[in-house]
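>
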Amino acid sequence: MQKTAFFSACAGGRKRRKNVQSAATASKGPHLNWDYPHAYTLPVTPEEADIDGLQHTNNAVYVRWCEHIGWHHSATLGLDLDDYRRLDRAMAIRRGEYDYLLPTRAGEALTLATWLCASDGRSSMERRFQLIRDSDGATVVRGRWELICIELSSGRARRLPAEFLAVYEPAIVAARQPAQD
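Put into structure tokens, the structure is as follows:
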């Protein structure tokens, strides 16, 4: 049940964040050094409210941005929250990992990218993230989610429905080890 609550919270959060702009696939993508091909990108900029006591963007902000772009990417591919509800299935985060490489500050122009990188074709998938500072092209954050398909009504793990496979499988890019910054 907790995963269902998380699922709803993520979707709701995407409409409130004014510093995360609308989807812009590959708008800045071609000239930035992405870890994987075919980046799905969104421009983001930390606001004063995103800055913590250490005078840099709080790590929780990056996690929210990853949730936001994940929803945008899924909807662009053809599956949104209404589809998840109709199918009584969702992709829930089983594990999330983030590498915070460099700090960012209020007002800095950043570009966040995401990719689907793996699927077992049964119940799990992997999504990756990379956040780049536009001014110098430096990667500031990398992230990875292990996703599991759940039944919304019970919260239990289930097989990926045919609609999920038809939409998500073609979007999977070949995973490789990203270059170390």
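Under the numbering used here, the residues of the sequence shown are numbered 46 to 226, in order. For every residue, glycine included, the Cβ atom is placed at its ideal position computed from N, Cα and C.
Here's the rule: buried if 16 or more other CB atoms are within 10 angstroms of the residue's CB, otherwise exposed. What is Arg178?
The sequence position of residue 178 within the sequence shown is 133, counting from 1. Arg178 comes out buried.
> For Gly166, which of Val186, Pro148, Pro91, Ala216 has the nearest alpha-carbon?
In the sequence shown, residue 166 corresponds to position 121, counting from 1. Residue Ala216 is the option with its Cα nearest to Gly166.
> Anyone know if the C-beta pair for Leu205 and Arg130 falls short of 8 angstroms?
Here residue 205 is taken as the residue at index 160 of the sequence shown, counted from 1. Here residue 130 is taken as the residue at index 85 of the sequence shown, counted from 1. For Leu205 and Arg130, no; Cβs fall outside 8 angstroms.
> Please state the DSSP three-state secondary structure of Val218.
Against the sequence shown, residue 218 aligns to sequence position 173. Note: Val218 maps to coil in three-state DSSP.
> DSSP beta-bridge partners for Leu161?
As a position in the sequence shown, residue 161 is number 116, starting the count at 1. For Leu161, which the question treats as bridged, DSSP gives the partners Arg172, Ile217.
> Within 10 Å of its beta-carbon, does Asp150 have 16 or more other beta-carbons around it, so buried, or fewer, so exposed?
Locating residue 150 in the sequence shown gives position 105, where the first residue counts as 1. With the sequence shown as reference, residue 150 is identified as Arg, and Asp is not the correct amino acid for it. Classification for Arg150: exposed.
> Ala207: which of Gly152, Arg134, Thr184 sits nearest, CA to CA?
On the sequence shown, position 162 is the one that residue 207 refers to. Of the candidates Gly152, Arg134, Thr184, the one whose C-alpha sits nearest the C-alpha of Ala207 is Arg134.
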